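All residue numbers for the sequence shown refer to the numbering used here, where the first residue is 937 and numbers rise by one. Virtual Cβ for every residue (Gly too), placed ideally from N, Cα, C. Just so you know, these numbers come straight off a predicted model, no measurement behind them. Only one structure is covered here, and it is reproduced in the block below.
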Amino acid sequence: MTSGIDLCFVSDLERVAWNEVLLVDDASDMVDRFNKRFLEVLDGHAPVKSVKVKHRHCPFVNEEIKVLMRDRDRLLKRARCSGLPVDWELYRDSRRVVKIRLRKVEH
């Protein structure tokens, strides 16, 4: 990569027959042709991924557990920023507490 631009992507864009876009009189048709060609190249380099998102119904997650989860996430952010072993240990302890509470309330 050079300056954040993929050279293969640039060379593929250079190989597109862009002059065909200008052969139509209607501006809408021009835009459609441009988008079609550009998206074909783009999909080759960054294809769209389909992901199935599962939403788990969790009526047992109460406000207390939500607070613990927010604290856990805050500790993770701090540990990632500082990289200190003590922060990672605090995060792991908090994560353990959240898991225990969730298992206890779920069953």
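Limits of the alpha helix (DSSP H) - the one that residue i falls within
i: F996; result: Run containing F996: none; DSSP gives neither H nor E here.
Span separating the alpha-carbon of residue i from that of residue j
i: Y1027; j: E1042; result: 22 Å
i: D1009; j: V957; result: 50 Å
i: H991; j: E950; result: 43 Å
Per-residue burial, residue i [other beta carbons within 10 Å of its own, 16 or more giving buried]
i: R1006; result: exposed
i: A1015; result: buried
i: L1011; result: buried
i: S1030; result: buried
**Request:** Go through the region 939-970 residue by residue and report every complete run of the alpha helix (DSSP H) that reaches 4 residues or more, in order.
**Result:** List check, alpha helix (DSSP H) in window: 943-951.
**Request:** Quick one: which unbroken beta strand (DSSP E) runs of 3-plus residues sit fully inside the region 969-1040? Chain order, please.
**Result:** Taken in chain order, no unbroken stretch of beta strand (DSSP E) lies wholly in the region 969-1040 with a span of 3 residues or more.
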